[in-house]
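Take 9 as the starting number for the sequence shown in my numbering and just add one per residue. Structure record follows, encoded as structure tokens.
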Amino acid sequence: MAVSENLRRFLSDRQAQYRVVQHPRTFSASHTAQAAKISAKQLAKAVLLKSRSDYLVAVVPASSHVKMRHLRRCLQDRVRVAKEQEIPSIFKDCDPGAIPALGTAYGLETLVDEQLNREADVYFEAGDHESLVHMSGAEFRRVTADMLHADVGVQNWKAL
């Protein structure tokens, strides 16, 4: 599959400069970073969330997890991690569990963790378990400029 159709269209509409990086098939963000030989801090991991009224995506480095309590306070809403069975109905052109970090490509509000703004290079799922989109940090910041950037992630201890 390489790049999902919605993501490809989104990147094309924004004239994004990127390349696709292939890696051995993986099923977790930490394994993807290892397989692609990149730092987990550079791999933007998308987490699908459900509020009372809508879905949204939080994007954090693979070395982090979403600070749910903080996110609930910021959004002033009940927010939970979406159930596995909810994901395919939204990301129809992606393999299960291979959610691209640019939820806006799917019409979803997207919150990008500030930690990613400090990276020289950023990688994220292309929509399958064998491909990543790679772009410079500056390009990632440009492409995500209209998304909310906030402190939504906390570093995992084992990733330090």
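No residue lacks a Cβ here, since even glycine has one placed at the ideal position from N, Cα and C. Just so we're clear, the structure is a prediction, and the values are computed from it rather than from any experiment.
Nearest to G161 by alpha-carbon distance, out of L140, A128, V120, is V120. When DSSP states are grouped into helix, strand and coil, T118 belongs to the strand group. Rounded to whole angstroms, P108 and F132 show a C-alpha spacing of 6 Å. Under the three-state reduction of DSSP output, V11 falls in the coil class, being neither helix nor strand. Here D21 is exposed. Its C-beta has fewer than 16 other C-beta atoms within 10 Å. According to the DSSP assignment, M143 belongs to the beta strand (DSSP E) that extends over 139-144. Judged by DSSP in its simplified three-state form, G111 adopts helix. Annotation for L56: the continuous beta strand (DSSP E) segment containing it runs 51-59. The straight-line gap separating the alpha-carbon atoms of A158 and K75 is approximately 11 Å. Residue nearest to Q30 within the set A146, D154, R149, A134 is A134 (criterion: CA-CA distance).
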